[in-house]
Amino acid sequence: MLAETAEPPGTHAGPHGRPEQDRRAHWLRVMCLTGLDYFSTLGYQPAIAALAAGAVAPLATIVLVTITLAGALPVYRRVAKESPHGTGSISMLAKLLPRWGGKLTVLALLGFAATDFMITMTLSTADATAHLVENPFMPKELRGSEVIITLALLAGLGIVFLRGFREAIRIATVLVGVFLAANLVVIAVALVQLVQHPVFLGDWWGVLTTQHGNPLLMIAIALLVFPKLALGLSGFETGVAVMPQIRGDREDTEQNPAGRIRGAQRLLTTSAIIMSAFLVTSSIATVALIPAKEFEAGGSAYGRALAYLAHAYLGEGFGTFYDAITIAILWFAGASAMAGLLNLVPRYLPHYGMAPSWARATRPLVIVFTVVAFVITIIFQASVEAQGGAYATGVLVLITSAAIAVTLSARKRRARKSTIGFGIISVVFLYTTVANVIERPDGLKIAICFILGIIAVSFISRIRRSTELRATSVRLDPAADAFIAESEQGVVRLIAHEPKNLSPERYREKLQHALAAHNLPDDDVVFIEVVIVDSSDFEGELVVHGEVREGFRVLTIHGSTVPNTIAAVTLHLRRELDCMPHVYFRWTEGKPLANLLRFFLFGEGEIAAVTREVLREAEPNPTSRPWVHVA
15 MLAETAEPPG THAGPHGRPE QDRRAHWLRV MCLTGLDYFS TLGYQPAIAA LAAGAVAPLA
75 TIVLVTITLA GALPVYRRVA KESPHGTGSI SMLAKLLPRW GGKLTVLALL GFAATDFMIT
135 MTLSTADATA HLVENPFMPK ELRGSEVIIT LALLAGLGIV FLRGFREAIR IATVLVGVFL
195 AANLVVIAVA LVQLVQHPVF LGDWWGVLTT QHGNPLLMIA IALLVFPKLA LGLSGFETGV
255 AVMPQIRGDR EDTEQNPAGR IRGAQRLLTT SAIIMSAFLV TSSIATVALI PAKEFEAGGS
315 AYGRALAYLA HAYLGEGFGT FYDAITIAIL WFAGASAMAG LLNLVPRYLP HYGMAPSWAR
375 ATRPLVIVFT VVAFVITIIF QASVEAQGGA YATGVLVLIT SAAIAVTLSA RKRRARKSTI
435 GFGIISVVFL YTTVANVIER PDGLKIAICF ILGIIAVSFI SRIRRSTELR ATSVRLDPAA
495 DAFIAESEQG VVRLIAHEPK NLSPERYREK LQHALAAHNL PDDDVVFIEV VIVDSSDFEG
555 ELVVHGEVRE GFRVLTIHGS TVPNTIAAVT LHLRRELDCM PHVYFRWTEG KPLANLLRFF
615 LFGEGEIAAV TREVLREAEP NPTSRPWVHV A
């Protein structure tokens with residue numbers, strides 16, 4: 015169960031891994047990979063739009079396309095440039111918002127990202143079930159068993175990942191190519207029907223003008239209804255997440271992957287243009303040709319508007335083929351979402367110390383995500399329309415956060431025009447998000463559940479892992495190495511010193527206290543100081559610098575906590591340099607509970623006791639453990 019942990023680049027599970035250079039693909043093929051999520055929404059988006067907006071759906075779809083091309087696309091083209099390693103807009107905000115504020119923001123966004131990916135799995139699988147059940151060749155007895163069928167499909171998805179999943183760009187290319195070709199045929203035939211029988215367009219226009227006679231009123235209603243259609247914006251975050259798959263120029267470096275960035279921007283632009291064309295034409299065709307009652311629950315077009323047209327105008331044979339390819343891409347879109355979760359969670363939470371050790375392993379996470387998908391499916395009874403609000407909430411929050419991140423980045427660069435432009439886009443997406451939440455609060459409720467769950471698990475994990483060494487490596491500079499080499503008989507005496515007061519008097523006072531309190535034989539000692547950089551960080555490399563201050567030898571380390579850093583350095587000296595460190599502390603004043611909170615929040619507090627506990631857990635053999643003295 016725990017064997018397959020987060021693997022190195024080239025073998026990491028799922029389509030968001032980082033392959034070796036020779037395994038990367040052209041951006042068009044990678045577009046098909048992200049298209050599993052983005053293009054597959056054609057399976058249900060037209061039906062949801064018609065059900066939510068009625069006759070206004072085509073106008074609202076045009077608003078959606080305008081915001082996609084003028085808003086989301088420029089934002090994510092910028093995200094691709096500033097975050098080219100697949101970490102997306104979340105990492106941009108993490109860098110722009112420092113310390114605990116940044117960490118908590120990332121946890122909240124992870125909750126919305128989990129909502130996005132989880133609902134992608136459950137909604138797309140539910141729609142795959144709808145296409146399966148509604149096919150005329152399927153037994154009628156299957157109707158009413160949608161929940162069971164959806165759970166079975168989700169279980170199959172989980173089994174695939176329990177066995178192991180690798181990059182499937184070739185499969186994605188075939189699926190997306192065939193799916194888009196099938197949709198092109200259906201929409202082309204539908205548009206021909208509208209041209210040959212203009213009465214359909216006349217009836218739609220008559221309903222629209224009767225209900226909303228004033229053109230300005232139509233536009234206003236389209237703007238108000240637009241948030242309900244936000245599903246059509248999905249796929250942009252996935253588009254930047256798969257950037258490591260794109261083959262760049264030969265001159266590309268990890269620090270400056272110009273070719274990869276250019277390919278990602280072409281990917282985003284091309285997919286947005288293709289999807290926009292499909293969304294507008296499919297919305298007009300479905301609203302004009304399908305009776306309104308068929309879009310409602312129990313109707314033949316419920317969750318499958320284009321499939322309804324395929325059966326109606328191209329025959330049951332082609333309609334069944336359309337159902338089959340739609341079921342395949344919707345199910346595979348769930349696989350893409352699962353892979354996204356398996357890469358997103360280990361990328362942030364373990365690094366922050368906010369996930370248990372098993373969160374680095376693929377299989378336990380697969381079981382957790384599959385169980386959560388079961389619960390969501392049962393709660394929503396495998397309804398495509400009922401999950402639309404939750405899906406839109408996750409998508410919109412991520413896009414809004416990306417717009418805000420790009421705006422803050424432009425402001426930091428002092429690019430005034432870009433700041434104003436991206437600021438306006440941020441306001442538009444913020445309005446869309448708020449309107450969607452007010453209209454359909456289910457998405458926010460699910461996201462809050464995910465956020466609370468992530469925060470609870472994160473802080474419990476952070477507390478449980480608080481006594482780990484938390485150092486990825488320890489390195490001494492030449493001066494520090496020389497101080498250790500000067501120690502007599504392999505014994506290094508280190509006096510812990512708080513670097514707030516660096517005056518000669520303070521060093522002398524500290525030395526006199528240590529000589530008296532610990533009965534040291536002489537003054538052959540080295541001071542050790544830890545400078546807290548960011549206490550919200552969990553792990554990182556420790557570099558030990560040596561310097562002489564007013565005749566005193568001092569080791570200085572920048573770390574996130576004092577006790578863990580001292581423990582890691584002394585254990586490194588014991589194991590790697592074969593010397594026995596003795597570290598001397600003075601008891602910390604103050605109440606134990608207050609010191610405990612200071613340790614968790616600021617990396618300080620009861621340093622001596624925690625240092626000893628970290629060493630005890632890291633080195634089970636007492637005779638090999640550095641000595642901790644406190645007086």
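Residue numbering for the sequence shown follows the working numbering, beginning at 15 and increasing consecutively. Glycine included, every Cβ here is placed at the ideal spot set by N, Cα and C.
Nearest to residue i by CA position, among the options, is which residue?
i	options	result
Ser296	Thr421, Ile343 and Ile201	Ile201
Val544	Asp537, Val558 and Gly49	Val558
Gly573	Asn270, His586, Gly329 and Glu555	Glu555
Ser487	Pro513, Arg430, Ile542 and Glu590	Glu590
Pro636	Leu585, Leu410 and Ile469	Leu585
Ala236	Thr384, Pro112, Ala66 and Val120	Ala66
Ile418	Tyr405, Gln395 and Val442	Val442
Leu146	Leu222, Leu363 and Gly333	Gly333
Thr481	Val89, Lys514 and Leu629	Leu629
Phe613	Ile468, Thr579, Trp641 and Thr575	Thr575
Phe394	Ala128, Leu73 and Thr136	Thr136
Gly277	Arg261, Thr143 and Asn515	Arg261
Val411	Asp130, Leu379, Ile339 and Ala530	Asp130
How close, in whole Å, do the beta carbons of residue i and residue j come, if the pair is a contact with beta carbons under 8 Å?
i	j	result
Ala375	Ala485	Going by Cβ atoms, the distance from Ala375 to Ala485 rounds to 22 Å, so no, they are not a contact pair.
Tyr336	Ala324	4 Å
Gln279	Ala39	In fact, because the Cβ distance is near 16 Å, the residues do not count as touching under 8 Å.
Leu508	Val644	Incorrect: roughly 13 Å between the Cβ atoms, too far for contact.
Leu587	Pro577	About 16 Å separates the two Cβ atoms, so there is no contact after all.
Leu611	Leu293	Wrong, their Cβ atoms sit about 52 Å apart, outside the cutoff.
Thr391	Leu165	6 Å
Gly125	Ala461	5 Å
Leu281	Trp41	5 Å
Leu444	Thr421	That belief does not hold up - the Cβ atoms of Leu444 and Thr421 are roughly 11 Å apart, past 8 Å.
Val11	Leu107	Since the first residue shown for the chain is 15 and the last is 645, residue 11 is missing from the structure and cannot be characterised.
On the DSSP bridge assignment, give the partners of residue i in chain order.
i	result
Ile595	According to the sequence provided, residue 595 is Pro. The question's Ile does not apply to it. Per DSSP, Val506.
Val544	Ile571
Gly560	Leu569
Val624	BP columns for Val624 are empty, so no partner.
Leu490	Val558
Ala485	Gly554
His643	Tyr598
Ala39	Ile260
Among the residues of its own chain, which have a CB less than 7 Å from the CB of residue i, if the five just before and after it don't count?
i	result
Trp114	Ser550
Leu458	Thr407 and Val451
Ala122	Ile465
His30	Residue placement at His30 is poorly supported in this model, since its pLDDT is 43, which falls under 50; the coordinates are not used for a value here.
Val386	Met132
Thr25	Because Thr25 sits at a pLDDT of 41, beneath the cut-off of 50, its placement in the model cannot be relied upon, and the following sentence gives the value as read from the coordinates. Excluding positions up to five away in sequence, the list is empty.
Ala69	Trp218, Val221, Leu222, Gln225 and Val301
Leu215	Leu208 and Ala302
Ile580	Ala510, Ile542, Val544, Val597 and Thr625
Ser314	Glu148, Glu308 and Tyr322
Near residue i, what residues of its chain come up, given a Cβ to Cβ distance below 6 Å and the 5 sequence neighbours on each side ignored?
i	result
Ala424	Ser432, Thr433 and Phe436
Cys46	Ala186, Thr187 and Val190
Pro150	Glu330
Ala71	Ala63, Ala64, Ser297 and Val301
Glu620	Thr602 and Asn609
Arg639	Leu629 and Glu633
Arg567	Phe497 and Val540
Glu627	Thr481
Leaving aside the five residues before and after residue i along the sequence, list all residues of the same chain whose C-beta is less than 8 Å from its C-beta, in chain order.
i	result
Asp217	Ala302
Ala673	Residue 673 cannot be examined here, being either before or after the span of the chain that is shown, 15 to 645.
Asp592	Gly504
Thr82	Gly246, Leu247, Ala286, Met289 and Ser290
Hey, does residue i have any beta-carbon neighbour from chain B nearer than 9 Å?
i	result
Pro634	Chain labels in this structure do not include chain B; a single protein chain is all it has.
Do the segment 396-409 and the segment 56-67 meet, that is, are 3 or more Cβ pairs less than 8 Å apart? By the Cβ criterion, the segment 396-409 is in contact with the segment 56-67, since at least three pairs of Cβ atoms, one from each stretch, lie closer than 8 Å.
Examine the Cβ distances between the segment 89-107 and the segment 298-307 and report whether three or more of them are shorter than 8 Å. No: the two stretches stay apart, fewer than three of their Cβ pairs being nearer than 8 Å.
Check whether the segment 345-356 touches the segment 454-473, taking contact to mean three or more Cβ pairs, one atom from each stretch, closer than 8 Å. No, they do not touch.
Three CB pairs or more closer than 8 Å across the segment 248-259 and the segment 281-289: The segment 248-259, when compared against the segment 281-289, does touch it at the 8 Å Cβ threshold.
So, do the segment 533-547 and the segment 474-483 have three or more beta carbon pairs nearer to each other than 8 Å? Counting C-beta pairs with one atom in each stretch, the segment 533-547 and the segment 474-483 have fewer than three that are closer than 8 Å, which means they do not touch.
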